[in-house]
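Below is one structure, written out as structure tokens, with a few remarks after it.
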Amino acid sequence: MGEPAYSFPIPSLADDTPLDCRIYHPPHFEAILANNGENGHATRGAIVAHPYAPLGGTHDDSVVLAVVRCLLKEGFVVGTFNFRGAPGSKGSSSWTGRPEREDYTSFIGFMIHYLQQLQPTNSLNNHLSTIPPARTPQTDPFSSGKSTPPPPTSPSHQPSTFLILSGYSYGSLILTRLPPLPEIQSRFDTAPAGTSAAEIILRARRLAQETHHTLSQATHSEFRGRTLTSSSPKPRLHATSSPVVLGGEETDPSLRQGRRSREGSRGAALVRRSVEVPHRIKAHIHRRRGSGSGGGTRSEDDYGAAAGGAEPGTGARVRVSYLLISPLLPPLAHALVPPASVSGLRGAFVDRGSGFGALRERTLVVWGEGDGFTACKRLKGWAERMVALAEGEGKFTWVSVEGAGHFWREEGAMKRLAREVGKWVRDAV
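Heads up: the sequence shown at position 62 corresponds to 62 in full-length UniProt numbering, and the numbers run straight through without jumps.
This is the structure in structure tokens:
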């Protein structure tokens, strides 16, 4: 696997904390985009969230990168990001998980808009020419106070964006606490100028413009019959060396500063509540490494039955699937991310704040039989209950990998993980 195509920051919807992000393009990306255009297929994408930041988790984690490689082989555009507080990143980890949930939500918004800008119906001449240059308030599409949708493609003729939302360990825990997808999309559809959501959209458009520009250069060169030699500049759609690194923001600084000052008190209050990670969390994790199962099944249902989520929206043309690797169950899950309000759902408990749709959408859960954080027996029991609750045969599937632990360091464990993920991805699409 080469380096990412792009490395860049976006602001978190929670409080504008800069999040370090990466985009990887699959091999033969030019051919994939051309094939999508010929056949009316959507560009497929995936997000992989990393494990617990206070224990060293980042988007450079070996399991995260193994999953990235697997998804790239299947032709996906893959995005990764660092939660706040990850080594080398801004901000501090929270003890509520709410800011991290907003971090993940922020990157979902970015990926949706980036993938939509790459759709085959968005032609270079018609679509990308409407994207304004960065830092030009007079032509800023958000200057009217509302974000404008990508021009002009009828939703009925545009293929649905397909996005896999995934997470490993703590990343999978945050995944299960995400708001409903229509709610996420609406936050970007109604984003006023100068907000974090508006800035995220502009960054997505900017990078899509860069990708299309590179593709256009390659196409024009081929059309004119020029053959690229080893000394010729090559299209940079699939990175093999250093990534394109972007910094700063797309929005005019005065517009962003005004918005920050108006929203500063709310963001500061959130940060004050979440800046410190209690010592009890780390102590609890270390205790769990040597312990077996424990806790009641009602708490496990609370973690999992959140998959009921909210009803899908009607205006969104985004299909999602879920991939959870080495998930964490209570009580450890609740120690890291306390649940929101709880109510009954089909005899189980559900986190009302979650839009996790694993009971409706295709979902794979993979763990190692030797997982030291949650006993395999408990994981199997929870997964079987989820299978029974799922809305449709084969929607929710699980795999327990023999000879693998939570960190997938055992001989051959990572290859078996990649094999299971690759098989599921091919079936899912």
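Idealized CB from N, CA, C, for every residue including glycine.
Check, Outcome
"Give the straight-line distance between the Cα atoms of S94 and E100, rounded to the nearest whole angstrom.", "7 Å"
"Residue range of the alpha helix (DSSP H) that A388 falls in?", "376 to 389"
"By alpha-carbon positions, which one of L417, A428, V429 ends up nearest to V68?", "L417"
"In its own chain, which residues sit with a C-beta less than 7 Å from the C-beta of L124, not counting the 5 before and 5 after it?", "Per-residue confidence for L124 stands at a pLDDT of 43, beneath the threshold of 50, marking its modelled position as unreliable; the derived number appears in the next sentence. Contacts found: H212, S216."
"Should V245 go down as buried or exposed, given a rule of 16 or more other Cβ atoms within 10 Å for buried?", "exposed"
"With distance defined between alpha-carbon atoms, name the residue in V399, N35, G40, T176 nearest to A383.", "V399"
"Give me, in chain order, the residues of the same chain whose beta-carbon lies closer than 6 Å to that of T397; leave out the 5 immediate sequence neighbours on both sides.", "L364"
"Can you tell me whether V318 is helix, strand or coil according to DSSP?", "strand"
"If you measure between the beta carbons of P338 and L173, is that distance less than 9 Å?", "no"
"With a Cβ-Cβ cutoff of 9 Å, do T115 and T161 count as a contact?", "In the sequence on display, residue 115 carries Leu and not Thr. A contact, by the Cβ cut-off of 9 Å."
"Looking at C-beta atoms only, is the number of pairs between the region 10 to 18 and the region 102 to 118 that lie closer than 8 Å three or more?", "yes"
"How is the alpha helix (DSSP H) around Y104 delimited, first residue to last?", "98 to 117"
"Under three-state DSSP, which class holds Y168?", "strand"
"Rank P331, T80, R362, R187 by C-alpha distance to the C-alpha of V63 and give the top, closest one.", "T80"
"Please determine, among I112, V401, E250, Y170, the residue with the shortest C-alpha to C-alpha distance to T58.", "Y170"
"Counting C-beta neighbours from all protein chains within 10 Å, is the total for D427 16 or more, i.e. buried, or is it exposed?", "exposed"
"Does P51 come out as helix, strand or coil in the three-state DSSP assignment?", "coil"
"What's the gap between the Cα of S12 and the Cα of S89?", "12 Å"
"Could you name the residues that DSSP lists as bridge partners for I10?", "L19"
"Which residue from I47, D61, A46 puts its Cα closest to that of A53?", "D61"
"What is the DSSP secondary structure of V429, reduced to helix, strand or coil?", "coil"
"I'd like to know if the region 34 to 50 and the region 386 to 397 are in contact, where contact means that at least 3 CB-CB pairs between them fall below 8 Å.", "no"
"Does DSSP put G392 in a helix, a strand or coil?", "coil"
"Compare the Cα-Cα distances from E30 to each of Q119, G91, N82 and report the closest residue.", "Q119"
"Could you have a look at G145 and say whether DSSP puts it in helix, strand or coil?", "Residue placement at G145 is poorly supported in this model, since its pLDDT is 41, which falls under 50; the coordinates still yield a value, given next. G145: coil per DSSP, three-state reduction."
"What span of residues does the alpha helix (DSSP H) with V78 cover, start to end?", "Segment 77 to 81 is the beta strand (DSSP E) holding V78; no alpha helix (DSSP H) there."
"Distance, Cα to Cα, M1 vs T214?", "20 Å"
"What separation, rounded to the nearest whole angstrom, lies between the Cα atoms of F188 and V77?", "21 Å"
"State the start and end residues of the unbroken alpha helix (DSSP H) segment that holds G37.", "29 to 39"
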